[in-house]
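K.L.:
According to my numbering, the sequence shown is numbered sequentially starting from 1216.
We put the beta carbon where it would ideally sit given N, CA and C, even for glycine.
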Amino acid sequence: MGKILRIDLESKNFFTEIIEPELEEKYIGGSGVAAAIFIKEVPPDIDPFDAQNLLIFSLGPICGTPIPYCGRHFIMAKSPLTRILGESSAGGYFGNELKKAGYDHIIIKGISETPVYLWIHNDNVEIRDATKLWGKGTRETEDLLKKDIGDEKVIVTSIGPAGENLVKFASIMSEKGHAAGRCGMGAVMGSKNLKAIVVRGTKDVPINNKDKLMEVAQKIRTIAKTTPFSVVMHDVGTLAHMDNYVSAGDVPIKNFTLSRWKGTKKIGFYSLKDNYEIQHYSCFNCWTACRGKIKYNNEWVVWPEYEFLGMLGSNLYVDDLEALIRWNIMVNDLGMDCISLGGVLGVFLEAVERKLIEIDYNGLGFEKDPEKNHYTIWGATSAIENLIELIAFRKEIGNDLADGVRIFCQNNNLPDDLNIQGKGLEVPAHEPRSNNITALDLATSSRGAYHGYEPFHLSFSTHFKKELGLTERIDAFSGGEEVITAVKKIQDACESYTATGGCMFGFFYSSEISPWVDAVNAITGRSYTVEDWVRIGENLFNSKRKYNIKCGIAKKDDSIGTRFSNPIPKGGTKGNIPPLKEMLEKYYNLRSWDSEGNPS
1216 MGKILRIDLE
1226 SKNFFTEIIE
1236 PELEEKYIGG
1246 SGVAAAIFIK
1256 EVPPDIDPFD
1266 AQNLLIFSLG
1276 PICGTPIPYC
1286 GRHFIMAKSP
1296 LTRILGESSA
1306 GGYFGNELKK
1316 AGYDHIIIKG
1326 ISETPVYLWI
1336 HNDNVEIRDA
1346 TKLWGKGTRE
1356 TEDLLKKDIG
1366 DEKVIVTSIG
1376 PAGENLVKFA
1386 SIMSEKGHAA
1396 GRCGMGAVMG
1406 SKNLKAIVVR
1416 GTKDVPINNK
1426 DKLMEVAQKI
1436 RTIAKTTPFS
1446 VVMHDVGTLA
1456 HMDNYVSAGD
1466 VPIKNFTLSR
1476 WKGTKKIGFY
1486 SLKDNYEIQH
1496 YSCFNCWTAC
1506 RGKIKYNNEW
1516 VVWPEYEFLG
1526 MLGSNLYVDD
1536 LEALIRWNIM
1546 VNDLGMDCIS
1556 LGGVLGVFLE
1566 AVERKLIEID
1576 YNGLGFEKDP
1586 EKNHYTIWGA
1596 TSAIENLIEL
1606 IAFRKEIGND
1616 LADGVRIFCQ
1626 NNNLPDDLNI
1636 QGKGLEVPAH
1646 EPRSNNITAL
1656 DLATSSRGAY
1666 HGYEPFHLSF
1676 STHFKKELGL
1686 TERIDAFSGG
1696 EEVITAVKKI
1706 QDACESYTAT
1716 GGCMFGFFYS
1726 SEISPWVDAV
1736 NAITGRSYTV
1746 EDWVRIGENL
1756 FNSKRKYNIK
1766 CGIAKKDDSI
1776 GTRFSNPIPK
1786 GGTKGNIPPL
1796 KEMLEKYYNL
1806 RSWDSEGNPS
């Protein structure tokens, strides 16, 4: 049975409780149980910065066990960016450490009068003063906390200045490079005056059937080592997406207005490899080891992942790899989601180019081209770097941009084609016109334009799931029933997989669901079938939909903006316009929702 640590930052009280076995059975654990608790305890009309908004850190059953890809922790709260149920997750070692401290969930409510941090060492829990840490970046915060605790083995997750200043897409950072970025969970943490959580755990993780678990773990490792996609990720990480997928039109270029650009060759994996010394590393218990570090200014720092390169590189027309490496350190230290940050900066640059807003060009650092007698807007690295800092500290124009694309467009009366978001969440570095599966998935995701389940990989002959009948490649530009079916099935299965606590990459690599079901059964002693797994995922998806409807979303919000209703004539998108209206009607029918998108 799992254990919850409940903390009230206002009263400074905390206690533990055992999760009801029926609740775990019904929702698997981790983010599944967290969603059930959140929906029950957080009123849909609550303000995200209200003291009663819960900030929940969750671990699934496989976390801290020999099962590969178990190194993620999940965070949930009502999102200040989308104003619906918000979710985010990060890899690294924080989840493993918290699990070995004896907890499956931390549920935090209330607002502390002064900045604090949590120190959790097995059964010992302390709420400590963090006044001296307030205003510091996540890198220095981690160093100071390790020194304060006196143990280099502690794992730290913290917010930077962006979270403190309630930037609505602020992230929560772990271990100087693992970001829980989406939905503004860092802003919720900042609103509670909670600077960090420090964990040290030395307990064993309870396992019901160790022999069976080791058998399943070996099977998953074998799958990982023999699956081409996993091997590629092992060799080159997510960065190679910039090199390999631009031809398919999946990379965002110049605020989603182009489908090809020679600058992408300067900012992908192979350019990084040619110019920097690199080393691979992994999250807890992961063979693939898709993460990497580079030697930069005589320090080993995490390399920028694909989403960063896509949203702050090609999306802003930046082909300066050194600048992107520098910004990656900067953005992680300030604590911001690179996807939303790149999204709102792209909208800003285009609005400036189209003279839809007035700005102080010189003051922001835009440089004038003496030959053309106008300011360079796209790829303006000095100005973009200044804007990043202004956003994190909510200064000048950065104060408007810190609210995200939707509010920025509303406040400045910008045209609909610039409102590039879904349910308030900025569209990620995956061009919807390159694949109709992507368009439908982003439009219908429960947390907004979230890309993590990535059913579009079915168009590249990966992410097959035999038990679901997904065994054949799906054409990227199809609008047929196979697209609708695939999106629903992958969404439902991924909801359950997320509840187990696994990294989504592990699920992509496996063409079978049964090993993951067997893993949960071996750990918990339950007897799930694949059918149970899919049913639980569907129930979770529908429960989140019902809650979000109570928060105010409707059929009109199953969208990603009018930008993607206009074709890009050249490049990998091949002039495609996703038939979203027609696909949504079929999708609602398949989910047994009514014509307005309401679950029965």
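1) Please go through the same chain and pick out, in chain order, the residues whose beta-carbon is closer than 8 Å to the beta-carbon of residue 1480, but skip the five residues on each side of it.
2) Pull up the DSSP beta-bridge partners for residue 1590, would you.
3) Considering only the alpha carbon of each residue, which of 1396, 1578, 1602, 1696 lies closest to residue 1666?
4) Cutting at 7 Å between CB atoms, please list the residues of its own chain near residue 1557, excluding the five before and the five after it.
5) Taking only three categories from DSSP, how would you classify residue 1731?
6) Which partner residues does residue 1493 have in the DSSP bridge list?
7) Going by the CB atoms, is the gap between residue 1550 and residue 1388 shorter than 8 Å?
8) What runs of the alpha helix (DSSP H), each 4 residues or longer, lie entirely inside the stretch 1692-1722?
9) To the nearest angstrom, how far is the alpha carbon of residue 1712 from that of residue 1719?
10) Using a 10 Å radius around the Cβ and a threshold of 16 neighbouring Cβ atoms, would you call residue 1542 buried or exposed?
11) Spatial neighbours of residue 1370 within its chain, please: CB distance less than 6 Å, with the 5 preceding and 5 following residues excluded, ordered by chain position.
12) So what does DSSP say about residue 1551, is it helix, strand or coil?
13) Would you mind reading off the limits of the beta strand (DSSP E) that contains residue 1220?
14) What residues in its chain sit with their C-beta under 6 Å from that of residue 1761, if we drop five residues either side in the sequence?
15) Where DSSP assigns a beta bridge to residue 1344, which residues make up the other side?
16) Quick one: residues in its chain with C-beta nearer than 6 Å to the C-beta of residue 1568, no 5 flanking neighbours on either side, listed in chain order?
17) In angstroms, rounded to a whole number, what distance separates the CA positions of residue 1657 and residue 1284?
18) Given a cut-off of 8 Å on the beta-carbon distance, is the pair residue 1607 and residue 1380 in contact?
19) Would you say the stretch 1506-1520 touches the stretch 1725-1737, given that touching needs at least three Cβ pairs under 8 Å?
20) Can you look up residue 1463 in the DSSP assignment and give me helix, strand or coil?
21) If contacts are defined as beta-carbon pairs under 8 Å, then residue 1221 and residue 1263 qualify, I think. What distance do you get, rounded to the angstrom?
22) According to the neighbour-count rule (16 or more other Cβ atoms, all chains shown, within 10 Å of its Cβ), is residue 1356 buried or exposed?
23) For residue 1442 and residue 1734, what's the separation of their Cα atoms in angstroms?
24) Let me know the secondary structure DSSP gives residue 1377 once reduced to three states.
25) Just checking, does the stretch 1793-1813 make contact with the stretch 1772-1784 on the three C-beta pairs under 8 Å criterion?
26) Contact between the stretch 1694-1708 and the stretch 1666-1682 is defined here as three or more beta-carbon pairs at a separation below 8 Å; is this criterion met?
27) Figure out for me which residue from 1631, 1628, 1668 has the closest Cα to the Cα of residue 1643.
28) Would residue 1630 be called buried (16 or more neighbouring beta carbons within 10 Å of its own) or exposed?
29) Can you give the beta carbon distance from residue 1787 to residue 1464, rounded, assuming they're within the 8 Å contact cut?
30) Can you tell me whether residue 1502 is helix, strand or coil according to DSSP?
31) Determine whether the beta carbon atoms of residue 1635 and residue 1384 lie at a separation below 8 Å.
32) Between 1693, 1502, 1353, 1445, which has its C-alpha nearest residue 1545's C-alpha?
33) Could you round the C-beta distance between residue 1596 and residue 1535 to whole angstroms and report it? I think they count as a contact, below 8 Å.
34) Tell me the DSSP secondary structure of residue 1644 in three-state form.
35) Threshold first: 4 residues or longer. Then list the alpha helix (DSSP H) segments lying entirely within the stretch 1627-1686, N to C.
36) Leaving out five residues on either side along the sequence, give the residues of the same chain with a beta carbon under 7 Å from the beta carbon of residue 1349.
P.N.:
Reading off the structure:
1) Residue 1480 sits at position 265 when you count from the first residue of the sequence shown. Only 1458, 1486 meet the Cβ criterion.
2) Counting from 1 along the sequence shown, the entry for residue 1590 is found at position 375. 1583, per the DSSP bridge assignment.
3) In the sequence shown, the residue the question calls residue 1666 occupies position 451. Nearest of 1396, 1578, 1602, 1696 to residue 1666, Cα basis: 1396.
4) Residue mapping note: residue 1557 aligns to position 342 of the sequence shown, counting from 1. Excluding sequence neighbours, residue 1557 sits near 1526, 1527, 1530, 1531.
5) Stepping through the sequence shown from its first residue, residue 1731 is reached at position 516. If DSSP states are grouped into helix, strand and coil, residue 1731 belongs with the helices.
6) As a working mapping, residue 1493 is identified with position 278 in the sequence shown. Residue 1493 is bridged to 1509.
7) Stepping through the sequence shown from its first residue, residue 1388 is reached at position 173. Stepping through the sequence shown from its first residue, residue 1550 is reached at position 335. Yes.
8) 1696-1715
9) Residue numbering aside, residue 1712 sits at position 497 when the sequence shown is read from its first letter. Residue numbering aside, residue 1719 sits at position 504 when the sequence shown is read from its first letter. In a straight line, the C-alpha of residue 1712 is about 8 Å away from that of residue 1719.
10) If you number the sequence shown from 1, residue 1542 lands on position 327. Flag for residue 1542 reads buried.
11) Sequence index remark: in the sequence shown, residue 1370 carries index 155 (1-based). Closer than 6 Å at Cβ, skipping near neighbours: 1308, 1309, 1312, 1414.
12) The residue labelled residue 1551 in the question sits at position 336 within the sequence shown. Note: residue 1551 maps to strand in three-state DSSP.
13) Taking the sequence shown and counting its residues from 1, one reaches residue 1220 at position 5. Counting along the chain, the beta strand (DSSP E) containing residue 1220 begins and ends at 1218-1223.
14) As a working mapping, residue 1761 is identified with position 546 in the sequence shown. Within the same chain, residue 1761 has close Cβ partners 1814.
15) Position 129 of the sequence shown, counted from the start, is the residue given in the question as residue 1344. Answer is 1331, bridged to residue 1344.
16) Numbered from 1 along the sequence shown, position 353 holds the residue referred to as residue 1568. Hits under 6 Å: 1592.
17) Here residue 1657 is taken as the residue at index 442 of the sequence shown, counted from 1. Here residue 1284 is taken as the residue at index 69 of the sequence shown, counted from 1. Between residue 1657 and residue 1284, the C-alpha separation is close to 24 Å.
18) Counted from its first residue, the sequence shown places residue 1607 at position 392. Counted from its first residue, the sequence shown places residue 1380 at position 165. A contact, by the Cβ cut-off of 8 Å.
19) Cβ pair count under 8 Å is below three, so no.
20) In the sequence shown, the residue the question calls residue 1463 occupies position 248. Here residue 1463 sits in helix by DSSP.
21) Numbered from its first residue, the sequence shown carries residue 1221 at position 6. Numbered from its first residue, the sequence shown carries residue 1263 at position 48. That pair is no contact at about 20 Å.
22) As a first step, residue 1356 is located in the sequence shown; it is residue number 141 there, counting from the start. By the neighbour-count rule (16 or more Cβ atoms within 10 Å), residue 1356 is buried.
23) Here residue 1442 refers to the residue found at position 227 of the sequence shown. Here residue 1734 refers to the residue found at position 519 of the sequence shown. Distance between the alpha carbons of residue 1442 and residue 1734 is about 19 Å.
24) By one-based count along the sequence shown, residue 1377 stands at place 162. The answer is helix: DSSP assigns residue 1377 an H, G or I state.
25) yes
26) Yes, the stretch 1694-1708 touches the stretch 1666-1682.
27) Numbered from 1 along the sequence shown, position 428 holds the residue referred to as residue 1643. The candidate whose alpha carbon is nearest that of residue 1643 is 1668.
28) For this step, residue 1630 is matched to residue 415 along the sequence shown. Residue burial annotation: residue 1630 is exposed, with fewer than 16 other C-beta atoms found within 10 angstroms of its C-beta.
29) On the sequence shown, position 572 is the one that residue 1787 refers to. On the sequence shown, position 249 is the one that residue 1464 refers to. Residue 1787 to residue 1464, Cβ: 3 Å. Contact.
30) To locate residue 1502, count along the sequence shown from 1; it is residue 287. DSSP places residue 1502 in coil when its eight states are reduced to three.
31) Counting from 1 along the sequence shown, the entry for residue 1635 is found at position 420. Counting from 1 along the sequence shown, the entry for residue 1384 is found at position 169. Their beta carbons are not under 8 Å apart, which means residue 1635 does not touch residue 1384 by this criterion.
32) Along the sequence shown, one-based indexing puts residue 1545 at 330. If we check each option's Cα against that of residue 1545, 1353 comes out closest.
33) Residue 1596 sits at position 381 when you count from the first residue of the sequence shown. Residue 1535 sits at position 320 when you count from the first residue of the sequence shown. With 8 Å as the limit, residue 1596 and residue 1535 qualify as a contact, their Cβ atoms being about 5 Å apart.
34) What you label residue 1644 is simply residue 429 of the sequence shown in a count that begins at 1. Coil.
35) 1651-1659
36) The sequence position of residue 1349 within the sequence shown is 134, counting from 1. Cβ neighbours of residue 1349 beyond the five flanking positions: 1330, 1379, 1410.
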